[in-house]
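Following: one structure in structure tokens, then a few remarks.
Numbering (this note's numbering), first residue to last: 294 to 400.
In structure tokens, the structure reads:
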């Protein structure tokens, strides 16, 4: 796998990982959550759980990116600025999922 394919793979995983918490009601799209009360029709994940899931997925995507970088050659040391920028980028990539979940009108 060359550098270009690895870069696009990390970008695609970032988009998928940032939007995954907003497009399903399961934890990490695999673990179903229990309903709070039996009378409720559908149980919705709270925003705090979605944000926690996003943080975990940020580190998963980062680990994949680090592994791909180490496979290509030497990994470069990163400082706090790198993590601040990639964290903000991850939040920007999550914007379509947030809009579809919370800001779009349901008819």
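Note that the Cβ used here is the ideal one computed from N, Cα and C, for glycine as well. Only a predicted model underlies this, so the values are computations on that prediction, with no experimental measurement involved.
| Asked | Found |
| --- | --- |
| Pull the bridge partners of residue 324 from the DSSP assignment, please. | 320 |
| Report all residues from its chain with a CB closer than 7 Å to the CB of residue 394; omit the five preceding and five following residues, and keep chain order. | 315 |
| Pick helix, strand or coil for residue 370, following the three-state DSSP scheme. | coil |
| With a threshold of 6 Å on Cβ separation, who are the neighbours of residue 370 within its own chain once the five nearest residues in sequence on each side are excluded? | none |
| With DSSP as the reference, label residue 294 as helix, strand or coil. | coil |
| What first and last residue would you give for the alpha helix (DSSP H) that runs through residue 351? | 340-365 |
| If we ignore side chains and look at the alpha-carbon of each, how far apart do residue 262 and residue 349 end up? | The structure shown does not extend to residue 262, since the chain spans only 294 to 400, so no value can be given for it. |
| Around the C-beta of residue 343, are 16 or more other C-beta atoms found within 10 angstroms, so that it is buried, or is it exposed? | buried |
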